[in-house]
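So the sequence shown is residues 32 to 127, counted in the numbering used here. Taking it in order: structure first as structure tokens, then the write-up.
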Amino acid sequence: MSDNISKWYERQRKQAHRSRAMRFIIFSLTICGILAGIIWIAFWDFRVIVYPLAIILGVFLIVCLLVLLYGSLKRRIYLILEKIGKWISDVLGLDE
């Protein structure tokens, strides 16, 4: 009984950690979007400043989105890779 409780507690702790990470990423994306909008509108005439800042914020947004997608799709990616590996081993006859 105690072992089941400790497993449940560990699962809840991991889930809370994932949820905190997700909130941080969403918060970061929101801040970057707001900053990009403000910079784009405020410094429209100073394109020398706008373009590098927009590129930096854009790269940061893409990295955050990739981390977000990787976190949510990690299990599916592993399952797909496992199926591809099994298919390749079946085709090559490595299981025999």
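Just so it is clear, CB atoms sit at the ideal spot from N, CA and C, and this is done for glycine as well.
- The same chain holds no residue with a CB closer than 8 Å to that of W118 once the five nearest residues on each side in sequence are set aside.
- Per DSSP, reduced to three states, the secondary structure at G68 is helical.
- Residue I62 holds the alpha-carbon nearest to the alpha-carbon of G89 among Y109, L110 and I62.
- About 18 Å separates the beta carbons of C95 and I69, which is beyond the 8 Å limit, so they are not a contact pair.
- DSSP, read as helix, strand or coil, puts G124 in coil.
- Here A73 is actually not in contact with A85; their C-beta atoms are around 12 Å apart, not less than 8 Å.
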